[in-house]
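Each residue of the sequence shown is one higher than the last, beginning at 1 in the working numbering.
All residues carry an ideal CB built from backbone N, CA and C; glycine is no exception.
The block underneath contains the structure these notes are about, expressed in structure tokens.
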Amino acid sequence: MSYPNRWLQALALLLLAGCSNGPTTGPGVTPPPECTFTNPVDFGADPSVMRKDGWYYLVASRDRGIYLHRSRNLTDLTRQNGVRVWAAPDTGWNQANVWAPEIHFLDGRWYIYYAAGRPGPPDAPFIYQRSGVLQSVGEDPQGEYVSRGMLYTGNDVVADTGNIWAIDLTVERLNGQLYAVWSGWEGNSTIARTPQHLYMATMSDPATISSDRVRISSPTESWERREDPVDGLDLQEGPQFLRNGEHVFIIYSTRES
Numbered sequence: 001m002s003y004p005n006r007w008l009q010a011l012a013l014l015l016l017a018g019c020s021n022g023p024t025t026g027p028g029v030t031p032p033p034e035c036t037f038t039n040p041v042d043f044g045a046d047p048s049v050m051r052k053d054g055w056y057y058l059v060a061s062r063d064r065g066i067y068l069h070r071s072r073n074l075t076d077l078t079r080q081n082g083v084r085v086w087a088a089p090d091t092g093w094n095q096a097n098v099w100a101p102e103i104h105f106l107d108g109r110w111y112i113y114y115a116a117g118r119p120g121p122p123d124a125p126f127i128y129q130r131s132g133v134l135q136s137v138g139e140d141p142q143g144e145y146v147s148r149g150m151l152y153t154g155n156d157v158v159a160d161t162g163n164i165w166a167i168d169l170t171v172e173r174l175n176g177q178l179y180a181v182w183s184g185w186e187g188n189s190t191i192a193r194t195p196q197h198l199y200m201a202t203m204s205d206p207a208t209i210s211s212d213r214v215r216i217s218s219p220t221e222s223w224e225r226r227e228d229p230v231d232g233l234d235l236q237e238g239p240q241f242l243r244n245g246e247h248v249f250i251i252y253s254t255r256e257s
């Protein structure tokens, strides 16, 4: 989820129509219609979907902005029901490379977590990525949002020693405590292909990380490590919480990007 191929359509809801398991040839048999696939979802990168009160909400990034779609079903998240809820500013820390928006409803407001950064050099255009959050002004998920700024993803929240590269941030409330998990670097770097690890921290509210980050996982397994020694990348990214009763898991994407 980190490099140029991320700008391809990330979500395709494929509808399989007209397929038959019956005979297809022989006297008096009419061949079934050709199986076709369609994609009803609007164009956008890094989509995320949630459901609340019978509505599906999909957020995705395109054209330096974040778009939110609303529909009663997953096959009608089209351009007609999409609204741009935020546009990247012309200057500032989040002016480019808008990635991985994710929407949550917390404490009576909607929050969209995303990654962005100022442009890097041609050989390392994404080295300034950071995580930010938007908060809805009211209860309308397609209404106005205000930026709550950059989330702290460094090593010393008290001394505020500075943020460290971070993308794909997600949140979850566990036993009353809100947590953030994201993919990040051990330290800021000018090298594009820097290994990515998973980090976790507590939050005092949906827009504030309140503890130092803790590394919870690294790409150490053979199936997580790069295959190409030059262009490959050891990484873990795109973490998501998965709950099953009392058990909590974190699933993620790995190896290359």
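Rounded separation between residue i and residue j - CA only
i, j, result
"Asp140", "Val248", "30 angstroms"
"Met50", "Thr30", "42 angstroms"
"Ile127", "Pro33", "50 angstroms"
"Leu298", "Asn81", "For the chain, the structure presents residues 1 to 257; residue 298 sits outside this window and is missing."
"Ala180", "Arg213", "9 angstroms"
"Arg193", "Thr202", "28 angstroms"
"Gly117", "Arg148", "15 angstroms"
"Val85", "Thr38", "27 angstroms"
"Arg109", "Ser222", "42 angstroms"
"Val230", "Asn175", "44 angstroms"
"Gly28", "Cys35", "21 angstroms"
"Gln95", "Asp228", "31 angstroms"
"Asp90", "Val146", "16 angstroms"
"Gln135", "Tyr57", "15 angstroms"
"Pro125", "Ala159", "29 angstroms"
Cβ-based neighbour list, residue i, same chain, cut-off 7 angstroms, excluding 5 preceding and 5 following
i, result
"Asp76", "Pro40"
"Asn163", "Arg130, Met150, Tyr152, Thr153, Gly154"
"Asn244", "none"
"Glu246", "none"
"Asp42", "His69, Leu77, Thr78, Arg79, Gly82"
"Lys52", "Phe105"
"Ser211", "Val157, Ala201, Thr202"
Cβ-Cβ distance between residue i and residue j below 8 angstroms
i, j, result
"Tyr199", "Gly187", "no"
"Ile191", "Ala100", "no"
"Ala88", "Arg64", "yes"
"Gln142", "Val83", "yes"
"Arg72", "Gly44", "no"
Supposed close pair residue i, residue j - CB separation, criterion 8 angstroms
i, j, result
"His104", "Tyr114", "With 8 angstroms as the limit, His104 and Tyr114 do not qualify as a contact, their Cβ atoms being about 12 angstroms apart."
"Glu144", "Val133", "Glu144 to Val133, Cβ: 15 angstroms. No contact."
Cβ neighbours of residue i in the same chain (closer than 6 angstroms, five flanking residues each side left out)
i, result
"Tyr48", "Note on residue identity: the sequence assigns Ser, not Tyr, to residue 48. So the list reads Val59, Glu102, once near-sequence residues are dropped."
"Ile251", "Gln240, Leu242"
Cut-off 8 angstroms between Cβ atoms - residues of its own chain near residue i, not counting five sequence neighbours on either side
i, result
"Thr161", "Gly154, Asn155"
"Pro219", "Pro195, Gln196, His197, Arg225, Asp234, Leu235, Gln236, Thr254, Arg255"
"Asp107", "Asp205, Pro206"
"Asp123", "Ala192"
Proximity winner among the options, relative to residue i (alpha-carbon distances)
i, options, result
"Gln236", "Pro229, Gly108, Thr208, Arg215", "Arg215"
"Gly238", "Gly232, Ser222, Arg255, Gly245", "Arg255"
"Gly232", "Pro195, Ser218, Leu178", "Pro195"
"Gly120", "Asp46, Val230, Glu221, Ser189", "Ser189"
"Ser204", "Gln95, Arg173, Glu227", "Arg173"
"Asn97", "Arg79, Ile66, Ser147, Ser222", "Ile66"
"Ser217", "Glu227, Trp182, Val230, Ile209", "Trp182"
"Asp46", "Trp93, Cys35, Leu169, Asn94", "Leu169"
"Trp93", "Ile209, Tyr57, Trp165, Ala159", "Trp165"
"Val171", "Val146, Thr208, Ala159", "Thr208"
The ligand GTP heavy atom lying under 7 angstroms from the CB of residue i
i, result
"Gly162", "This structure simply doesn't include the ligand GTP, nor any ligand for that matter."
Contact with chain B by residue i, beta-carbon distance below 8 angstroms
i, result
"Pro125", "As a matter of chain content, chain B is missing from the structure shown, which is built from one protein chain."
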